[in-house]
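What follows is one structure encoded as C-alpha cells, with my remarks underneath.
Protein chains in written order, with our numbering: chain A, 100 to 551; chain B, 13 to 393.
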C-alpha cells in the first residue's frame, strides 16, 4: 500500500559543498562522549565512575524518572572523565576506547519471533530506546505508553544532507529488521516515507511490515513532522514516535547481530569543507576526527547537524547522537559595504525576489554565518512564512503564541504538531531575523512544564 | 561600534542612532547565535528600500504635475508641458514636505528605539515617503509636523513600534490633518500650489475631479476649465489632487515593482479592485451615480491607496483568505463613501483605516474557522 503526498511549499537552500558519494575514511576510535543533553526530557543519573571498564552497550547513565531508560557507551574501553558543569550538572561521560572492541551480547534473534515485551526490553537494555523520539514535544519516548503510530522518514531534504540511497541501501536488511521490531510495539503501524522521484527505484519500497508513503517536494518535505501532519496529524492527547532512519538500521543490527553498533555514514559538507564526502563515525565522536575535511578551524564554524538545525560544537565538540551530518561554514564576521543597498548581490542567496539571485538559476552559494541584518519586530505577514512550511498551520500565529506563552493559543495553532526543526526555514527566510526555532523551543518547554 | 556607545558607555543613550547610521552604510559582521546558522540575505532594509523605490515614479510624476497644474491654473489650457521647469517648481514645493515628514518622524522613531533599547526599525522610511504624497501640497508645514508627530507617537510607538501598529501611520497623518484642519484639506484652494500674489485664471478652479463626482458625470466633465477630465487625463495623471495620487501609470509601475519582488500582496490589490468595481457598478445600475466604473478606479486616491497603503503587511490582514476579504472591504468602502458622502468624496483614507481596524477581526474569523475545520476533520477521522 502506498500513498502519495505532493508538497508545493518549501525551499531547498542552494548552499555549496554537497558531499560526494564516497566514504573517505572511518573515524579513528579515541575518546567518545555520551551527552545526556542530546535527549530532551531525560534527567540523567550516573551509573559509572571514572576508571570503570565498559563494553559497547554497557549502561553509563539512566533516566531518573524512568530508570529503565539507559544510555549506553558506544565503544568499549574505560570511563576517562565525567564532565560536570555548574551545580555539578552532569554534562557528559567521556569513554576512552580500547584497541579491541568488545560488545555486550544482547542475543541475536529475528525480531519476527519476539514479542512486543521482549522487543521493548532489548531496546531499553541496549540503550537504543533513546533513539525513539516522542511527539508532541520531541522528548525521549515513555516506555509505558503505546503510541498511535511510529513514523520514519527514509530521506532527508535538509541542506547538504546525506543521500540515504547511498548511505543506507546496503543496510536494507537491518532497516527491515528494525521496522519489523518497531511494528510490534505499536498498534498503529510503522509509516515509512520514501522520496517520490526514486520511489520504485529505492530499496525502501520493498519494506515489509510498514505502511509506505511517497513524498515529493522541497525541504522540509523530508522532515518527519511535516510528513506526520499529512499522514495523520497529532491531536491533543495523542502520542506518536519517530525514529531517524539510520537509527532504525542500528535497531535492526541490534536484533540481528545482538550488538549495540551505532556506526553511521556521516555526510561532511559545507562551503568550507575540502573534498566534501562521507566518513564513518559513532555518535559522540570528537570533531577532531573529521578535521581532515577542514585543516585549520580558524574562522570556521563546525556544526554537528545541518545548517538549519545543527549545533555549533566547534572543533573540540562531538558528533550528536541524532546527527549524521557535519557542516563546515565560514564565520561571516566581515561587514559588507552597502550590502543591502546594492542593486545586485549575485553572491548572496535570497529566497525572495528582492535580489536577483533567482535569475542565477541553479547556482550554489558559499554561504556564511552572517545574520544579514539586525533583529526587528515581525513585519511580514503570516503568508510570507507559511510559504516555506507545508503544514496546515499558521506559523506566525504559532510563533506569537509561543512568545506570549499562551497555552490555549499554542494548542489551537498546532504546537503538538511541530518541533523547532519544522519551522527552521521560516527562521531562515525571516527578514526580521528572529530566532524562530528558539521561540518555538521555549513554547514547547512551557507546554511540557504546564501540561505535565 | 565605538565602546562609548555600548552598554555602560557614556553615550549609551545614543546607541540606536549610531547603530542605525552604521548599519545604513554596511551590513554588520553580526553572526547567527541561535537556530539556523545561515540566513537569507534579505532584511527589512532591503524590503523597505524596494517599497520606497516603488513609490518613486509616482513621486517624480507628482512633482512635475504640481508645476504643471500651477501653470494650467495661472495661464490656462495650453500651458507648456515644460518637463524640467514644472518639475523644478513642484520639487521646491514638495521638498519641504519631505524634510518635515522625515525629520519629525525619524526623530521620534530614533528616540523611541533608544527608549526601548532596540535597533531602529526601517518601517518609517516608507511612511515618510508616502506622507508628502497624500497631503495637499500647500499644507502649512507646522500642521504637517504636528500630524506626523501624532501619527508616529499615537499610531505606532505607543503600540511598540513598527510591526505592532494597528493603523497605517501615513494615513493616520492624513486623517489627523483632515479632522483637525479641515479648511486646509478640502475645497478648491488646497490642491494647486500658487506663488504669493498669484491668482487663479478666470473660471479656473483648484477643485479636484473627485470632488465633483457627487454631481454626476456632467459636472465632472466641466470640473475645471483649465484641465481635462477624460479617462485618459486621469490615467496619465494631469489633474489636480494630492501630489502622488494622480497618475495611474506611475502607480502601476510601482505596483509592478512591488508584485515582482513579492513585497506586497497581489491578493489585496486584486480584491480591492474587485470590491471597488462591484460597488461602482452597482451604483451605476441602481442609478445612484453615473460615473463609469473605470473612472472610479482612476479617480482620487483609490489606485495609490490600493497599491501602496492597503498592502502594508503590518496593518493589513495576515492570512491569505483574510487578504481577499480585507482588500475587497477596502475597495468597496472607498466607493461607498464616494457615492453616499458628497461632502467629502475621498473615501480611500477612511476605507483603509477602517480596513486596518477590521483586519485583526477578519484574521481572527479566518483562523477560528480553520481551527474549527481542523477539529471537525479530526472527529470524523
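We treat Cβ as the ideally placed atom computed from N, Cα and C, and that holds for glycine.
Fair warning: this is a prediction, and the values are worked out from it, not measured in the lab.
The Cβ of residue 402 (chain A) sits closer than 8 Å to at least one Cβ of chain B.
Among the residues of chain B, none has a CB under 9 Å from the CB of residue 340 (chain A); the nearest is roughly 19 Å distant. Taking a Cβ-Cβ threshold of 9 Å, none of the residues of chain B is close to residue 490 (chain A); the smallest such distance is about 11 Å. For residue 408 (chain A), the closest alpha carbon among the candidates B:17, B:50, B:35, B:375 is that of B:50. In the three-state reduction of the DSSP assignment, residue 368 (chain A) falls in the strand class, which pools E and B. Residue pairing of residue 176 (chain A) in beta bridges, as defined by DSSP: A:153, A:196.
Chain A places no beta carbon closer than 8 Å to that of residue 193 (chain B), leaving this residue out of the contacts.
Looking from the CA of residue 188 (chain B), the closest CA among B:381, B:161, B:177, B:97 belongs to B:161. Within the DSSP secondary-structure output, residue 379 (chain A) pairs in a beta bridge with A:125, A:364. Across the structure, residue 98 (chain B) and residue 203 (chain B) are spaced so that their CA atoms are roughly 16 Å apart. At a cut-off of 8 Å, the C-beta of residue 104 (chain B) has no neighbouring C-beta in chain A. Taking 8 Å as the cut-off between beta carbons, the residues of the segment 407-436 of chain A near chain B are 407, 408, 409, 411, 426, 428, 430, 431, 432, 433, 434, 435, 436, in sequence order.
At least 8 Å separates the beta-carbon of residue 515 (chain A) from that of residue 244 (chain A). Taken through DSSP and simplified to helix, strand or coil, residue 85 (chain B) comes out as helix. Remark: three or more beta-carbon pairs, one from each stretch, lie closer than 8 Å, so the segment 311-321 of chain B and the segment 254-267 of chain B are flagged as touching. Within the same chain, and ignoring the five residues on either side of residue 139 (chain A) in sequence, the residues whose Cβ sits closer than 6 Å to its Cβ are 237, 238. In the DSSP annotation of this structure, the continuous segment of the beta strand (DSSP E) that includes residue 312 (chain A) starts and ends at 310-315. Apart from sequence neighbours up to five positions away, the residues of its chain that approach residue 171 (chain B) with a beta-carbon distance below 8 Å are 177, 178, ordered along the chain. For residue 322 (chain A), not one C-beta of chain B is nearer than 8 Å to its own C-beta. With respect to the C-alpha of residue 145 (chain B), the residue from B:253, B:238, B:245 having the closest C-alpha is B:253. Membership of residue 158 (chain A) in the beta strand (DSSP E) is indicated by the continuous run 158-162. In the DSSP assignment, residue 192 (chain B) falls outside any beta strand (DSSP E) and within the unbroken alpha helix (DSSP H) covering 181-192. Interface residue (Cβ-Cβ distance to chain A less than 8 Å): residue 43 (chain B) is classified as such. Residues of the segment 44-69 of chain B with a Cβ closer than 7 Å to any Cβ of chain A, in chain order: 44, 46, 47, 48, 49, 50, 51, 52, 53, 54, 55, 56, 57, 58, 59, 61, 62. Under the DSSP assignment, residue 228 (chain A) falls outside any beta strand (DSSP E); it carries neither an H nor an E label.
Within chain A, not a single residue places a beta-carbon under 8 Å from that of residue 220 (chain B); the smallest gap is close to 33 Å. Contact of residue 393 (chain A) with chain B is not assigned, every C-beta pair being separated by 8 Å or more.
Under the 8 Å Cβ criterion, the segment 287-300 of chain B does not count as touching the segment 239-254 of chain B, having fewer than three qualifying pairs. Burial of residue 528 (chain A) is indicated by the presence of at least 16 other C-beta atoms within 10 angstroms of its C-beta. When DSSP states are grouped into helix, strand and coil, residue 128 (chain B) belongs to the helix group. Between the segment 101-117 of chain B and the segment 139-157 of chain B there are three or more inter-stretch CB-CB distances shorter than 8 Å, so the stretches are counted as touching. Proximity of the segment 449-456 of chain A to the segment 499-506 of chain A falls short of the contact definition, fewer than three beta-carbon pairs being nearer than 8 Å.
Taking every protein chain shown into account, the CB of residue 69 (chain B) has 16 or more other CB atoms within 10 angstroms, so this residue is buried. Annotation: residue 228 (chain A) has no Cβ neighbours in chain B at a cutoff of 8 Å; minimum Cβ distance is about 28 Å.
For residue 254 (chain A), the CB contacts under 6 Å within the same chain, skipping 5 residues up- and downstream, are 263, 294, 321 in chain order. CA-CA distance, residue 337 (chain B) to residue 105 (chain B), rounds to 38 Å.
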